[in-house]
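As structure tokens, the structure follows; a few thoughts come after it.
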Amino acid sequence: MTGKTTKADAQAASAGRLFRIRGLVYAVSDAAVIAWRNVIKIKRVPDVLVFVLISPIMFVLLFAFVFGNSINIPGGSYREFLIAGIFAQTVVFGATFTGAGLAEDIQKGIINRFRALPMSRSALLVGRTVSDVVYNALSLLIMALTGLVVGWGISSSVLDAAAGFALLLVFAYAFSWVMAYVGLLVPSVEVINNASFMVTMPLTFVANTFVPAENLPPVLRTFALWNPVSAVTQATRELFGNIPPGSAPPDAWPLQHPVLYTMLWAVLLIAVFAPLAVHRYRTSGRRS
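Numbered per my numbering, the sequence shown spans residues 6 to 293.
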């Protein structure tokens with residue numbers, strides 16, 4: 006009797022594992038389909054094309070030529086100082102594309118169509134956030150090429166440079182989950198644009214992105230030193246070899262360990278907002 010029970014339990018456990026593996030495979034497949042749907046959208050929607058390919062070029066050219074000769078970086082080049090900040094700003098702004106895309110899909114009723122299909126509940130959000138990593142990678146490539154034209158350069162090794170780009174994409178992916186959750190909360194694309202603006206502007210401008218944090222007033226300086234955007238910017242500058250020789254080391258712990266601090270923020274954002282976004286997607290009803 007005991008032997009039969011044990012054998013039946015083992016068969017049930019094996020069947021359970023097989024069911025979970027099959028479910029995971031289906032979820033990954035569904036997410037890949039959604040990601041591909043969003044990626045090929047760039048060919049048909051001019052707004053996406055402008056946001057991904059044109060805006061990064063404008064950011065680099067405007068900041069390089071407007072501020073390039075006005076701000077002094079002791080011992081270094083402002084354009085080298087600047088590019089890492091523009092990279093960080095662009096990937097943070099790019100995260101708002103996730104929220105806007107979800108809000109648009111809700112408005113058009115596409116979300117309800119997906120809910121009616123036999124697909125993983127998390128596939129829509131995973132596919133959306135992954136496709137936005139592709140957009141951010143394209144934007145970074147365009148900005149890097151433009152930066153090389155205006156005088157930016159990489160003074161570190163290939164591996165360090167690759168780590169810098171990878172860190173930017175990891176942070177962008179984590180931040181896109183924040184905007185995914187917000188996109189599922191708001192009623193329209195216009196609201197997500199305004200709401201995200203109020204979050205992304207302080208994060209990207211009260212930081213060391215465009216001017217050294219040490220030059221800011223005391224209150225803003227404290228915020229900038231602990232701002233995760235400052236950390237990802239500092240980490241990128243270090244990995245690209247864009248820190249001027251002889252520069253004084255930062256006083257604040259986040260900027261002394263910028264890679265670690267950025268990764269901690271990335272893990273925290275995903276751990277908090279990914280479950281919130283999936284729960285919101287599962288429980289929200291039709292809003293159109």
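Think of the CB as a built atom: it goes at the ideal place given N, C-alpha and C, for glycine as much as any other residue.
- Query: Would DSSP call V135 helix, strand or coil?
  - Reply: helix
- Where the alpha helix (DSSP H) containing R226 begins and where it ends: P223 to W231
- Message: Less than 6 angstroms between C-beta atoms, sequence neighbours within five positions excluded: which residues of the same chain meet that for L164?
- Response: none
- Item | Selection from V191, W182 and R287 that minimises the alpha carbon distance to W270 | W182
- Item | Rounded C-alpha distance that separates G81 from V155 | 15 angstroms
- Query: What does a CB cutoff of less than 8 angstroms around E219 pick up in its chain, not counting 5 residues either side in sequence?
  - Reply: R226
- Query: Given that a residue counts as buried once 16 or more other Cβ atoms are within 10 Å of its Cβ, and exposed if not, what is S144?
  - Reply: buried
- Message: Below 8 angstroms, how does it come out for the region 62 to 71 and the region 124 to 131: are there three or more Cβ pairs, yes or no?
- Response: no
- Message: For S160, which residues in the same chain have their Cβ closer than 6 angstroms to its Cβ, ignoring the five residues on either side in sequence?
- Response: G246
- Item | A168 versus K12: straight-line alpha-carbon distance, rounded | 50 angstroms
- Message: When you compare the region 110 to 121 with the region 199 to 217, are there three or more beta-carbon pairs, one atom per stretch, that lie closer than 8 angstroms?
- Response: no
- Between the C-alpha atoms of V211 and A18, what's the straight-line distance to the nearest angstrom? 54 angstroms
- Using the Cα positions of V191 and L208, report the straight-line distance between them to the nearest angstrom. 21 angstroms
- Measuring CA to CA, which of A282, A229, V135 and L281 is closest to D256? A229
- Flag this pair as yes or no: are the beta carbons of V264 and L172 separated by less than 9 angstroms? yes
- Query: Do Y286 and R126 come within 9 angstroms of each other at the CB atom, strictly closer than that value?
  - Reply: yes
- Query: Quick one: Cα of A105 to Cα of A185, how far?
  - Reply: 8 angstroms
- Query: Which of helix, strand or coil does DSSP assign to T238?
  - Reply: helix
- Item | Backbone secondary structure at F180 - three-state DSSP | helix
- Message: Which residue marks the beginning of the alpha helix (DSSP H) containing I91, and which one marks its end?
- Response: Y83 to Q112
- Item | Span separating the alpha-carbon of S235 from that of A121 | 43 angstroms
- Residue from I78, M206, E195 and V138 whose Cα sits closest to the Cα of F170: V138
- Message: Pop quiz: T241 and F92 are said to be a contact at Cβ under 8 angstroms. What is the actual Cβ separation, rounded to whole angstroms?
- Response: 6 angstroms
- Item | Residues near S136 by beta carbon distance below 6 angstroms, same chain, minus five either side | A40, N43 and V44
- Query: How would you call W258, buried or exposed, if buried means at least 16 neighbouring beta carbons within 10 angstroms?
  - Reply: exposed
- Message: Under DSSP, the alpha helix (DSSP H) around E195 begins and ends at which residues?
- Response: V194 to F210
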